[in-house]
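Q:
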Amino acid sequence: MPEIVLLTIILAILFDISNGWNDAANAIATVVSTRVLSPLQAVLLAASMNIIGAFFSTAVAKTIGKGVVDPHSITEIVVASALVAGFVWNTAMTKIGMPVSASHALIGSLMGAAIAHGGVETLNFTGLTKIFTALLTSPIIGIFIGYFFMKAILKFFGRLSPGAINKHFGRLQLLSSSFMAFSHGSNDAQKVMGIITLSLFSAGLIESVEVPTWVILICALAMGLGTAIGGWRVIKTLGVHMLKLEPVHGFAAETAATAIILGASHVGLPVSTTHVISTSIMGVGATKRLSAVRWGIAGKILLAWIFTLPACIVMAYFVEKVLARLL
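Final position of the sequence shown in the working numbering is 622; the numbers increase by one with none missing.
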C-alpha cells in the first residue's frame, strides 16, 4: 500500500476520533444532564451503540465517495488535506466547547482541497445539491418534530405528576439515548468510510467506490473510541447551558432526532447529527416557553455552524497547496 494512502487512513482514523469526541454530546448530553445515567455509563453505552450503528449500511459512505467530488479527478493528497483540515477544526471547536457539524467540516474540507487541486470543475454539483438540501432541511425538521412530539407527550401524559412522568421517561430515555447513539454511528461513521474508500479508489487499490469490510470496522472502532473519550465541554453546552432538561424532554429530543437521522441514513443522505439533536432540543424546549431555551447559547452554536463550511473550505485549500509541494 502506498505511503500516502496509509497516511490518509491514519488521518481518517484521527478525524473519526475527533468526530466522536465532539459528537459524544449528541448521544449522551441529554441522558447525562437528566441524570438517568452517570457520565461513565453514558459514554460506554454510546460508544457501544456507535460501533453497532456503523454497520447499519454503507449508503451514506457511497454518497460521500461519489457525491462531493468526481472520484476520477482527485488524488490521495486531496483526501489527506481534507482530513487534516477537518480534524483541526473539530478538535479546536471541541476544546472551546462548541458543538459543530463534522459533516459540514468534512464536506467543506473535501471541496476546498479538490478545488485547490483541479479547480471548481472537480466538484459534483448534482451530488452536492442533494447533500446540502439534506444538511439544511434536517435541522428545521428537527425543531418541528421535537416540538410536536413533545406536545403529543404532554397531551397524553400531562395529567400525571412530574415525579411519575420523570420516573417512567427516565427508563424510556435509556432506549432513546441508545437509539440516538446507534443513529449517530449509522450516519457519521460512514462519512469517513466514504473518504477512505475514495482514497483507495484514487490510488487504484479498489475497482469501484464500494466500502471494504475492514474500512467499516476501523471507522466504527475509531468513532466509538472518540465517543468514549467524551467532549465534556460540548456536553455541558448542549445538555446544561442551552436548556435545563428533564427525562421526558431528553426522551422527546432523542426520539425525534433518531427518527430523522435513521431515515436519512437509510436513503444515503449525510446529515449533521449535531444540528438535528440541537434543534430537536430547541423544539422540545419551546413547548415549555420560548424563554426556556437560552437563545444566546443557541446563537453561538449557530455561528459555529455557519463558519464551519467556509472555514474548512479555505483551510483545506491551503493545506492541499502545502502538501502538494511537500509530497
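Every residue, glycine too, gets a C-beta built ideally from N, C-alpha and C.
Is the stretch 482-494 touching the stretch 354-370 in the sense that three or more CB pairs, one from each, lie closer than 8 Å?
A: Taking 8 Å as the limit for Cβ pairs, the verdict is that the stretch 482-494 does touch the stretch 354-370.
Q: Determine the direct distance from the alpha carbon of S456 to that of F602, and round the result to whole angstroms.
A: Their backbone Cα atoms lie some 43 Å apart in a straight line.
Q: Are the CB atoms of G381 and G489 within a distance shorter than 8 Å?
A: Contact: no.
Q: Smallest Cα separation from M406: which of V374, T386, M388?
A: Of the listed residues, the one whose Cα sits closest to M406 is V374.
Q: Since L455 is in the alpha helix (DSSP H), which residue starts that stretch and which ends it?
A: That residue, L455, is in no alpha helix (DSSP H); it is neither H nor E in DSSP.
Q: Return the Cβ separation of A307 and L378 in integer angstroms, given the expectation that the two are a contact with Cβ distance under 8 Å.
A: Contact holds; Cβ gap of about 6 Å.
Q: With a 10 Å radius around its C-beta and 16 neighbouring C-beta atoms as the bar for buried, classify I346 as buried or exposed.
A: I346 comes out buried.
Q: For V373, does the three-state DSSP call read helix, strand or coil?
A: Three-state result, V373: helix.
Q: Sort G465, V364, S404, H412 by Cα distance to I608 and report the nearest one.
A: Of the listed residues, the one whose Cα sits closest to I608 is S404.
Q: Considering only their Cβ atoms, is the gap separating V326 from M445 smaller than 8 Å?
A: Against a cut-off of 8 Å, the Cβ pair of V326 and M445 comes out as no contact.
Q: Cutting at 7 Å between CB atoms, please list the residues of its own chain near F477, excluding the five before and the five after it.
A: Closer than 7 Å at the Cβ level, and outside the excluded window around F477, lie M344, I347, G348.
Q: If you run the structure through DSSP and keep just helix, strand and coil, what is V364?
A: Residue state, collapsed to three classes: strand.
Q: Suppose you measure from the CA of S471 to the CA of F451; what does that come to, to the nearest Å?
A: Roughly 19 Å separates the two Cα atoms.
Q: Can the beta-carbon of V395 be found less than 8 Å from the beta-carbon of A599?
A: Cβ distance < 8 Å, so V395 and A599 count as in contact.
Q: Would the stretch 413-433 and the stretch 565-574 be scored as touching if the rule is three or more Cβ pairs under 8 Å?
A: A contact exists between the stretch 413-433 and the stretch 565-574.
Q: When the Cα of F439 is compared with those of I312, A547, G594, which residue comes out closest?
A: Among I312, A547, G594, the Cα nearest to that of F439 is on A547.
Q: Is any heavy atom of the ligand NAD found at a distance shorter than 7 Å from the C-beta of F444?
A: For the structure depicted, the ligand NAD is absent and the ligand set is empty, with no information on it obtainable.
Q: Who does L418 pair with in a DSSP beta bridge?
A: Bridge partners of L418: V364.
Q: Go ahead and pull the three-state DSSP assignment for F351.
A: F351 falls in the coil class under three-state DSSP.
Q: DSSP three-state label for S396, please.
A: Coil at S396, not helix or strand.
Q: Just the Cα atoms here: how many angstroms apart are L597 and T553?
A: Their Cα atoms are separated by approximately 21 Å.
Q: DSSP three-state label for A599, please.
A: Helix, per DSSP.
Q: Across the stretch 385-393 and the stretch 411-421, are there enough close Cβ pairs to call them in contact, namely three or more that are closer than 8 Å?
A: No: fewer than three Cβ pairs fall under 8 Å.
Q: For S560 and C514, I'd like the C-alpha separation in whole angstroms.
A: Roughly 16 Å between the two C-alpha positions.
Q: Restricting to Cα atoms, I'd like to know which of I369, V571, W316 is closest to V338.
A: Of the listed residues, the one whose Cα sits closest to V338 is W316.
Q: CA-CA distance, I312 and I448?
A: Cα-Cα distance, rounded: 36 Å.
Q: Kindly indicate which three-state DSSP category P542 falls into: helix, strand or coil?
A: If DSSP states are grouped into helix, strand and coil, P542 belongs with the helices.
Q: From I410 to V363, what does the alpha carbon distance come to, in whole angstroms?
A: Rounded to the nearest angstrom, the two C-alpha atoms are 11 Å apart.
Q: Tell me the rounded alpha-carbon separation between T574 and I555.
A: Computed Cα separation, rounded: 12 Å.
Q: Taking the alpha-carbon of G441 as reference, which of Y612, P605, I576, L622 has the nearest alpha-carbon?
A: Among Y612, P605, I576, L622, the Cα nearest to that of G441 belongs to I576.
Q: Alpha carbon to alpha carbon, how far is T370 from E615?
A: Cα to Cα, T370 sits roughly 10 Å from E615.
Q: Whole angstroms is fine: what's the gap from A523's alpha carbon to L540's?
A: Answer to the nearest angstrom: the Cα atoms are 22 Å apart.
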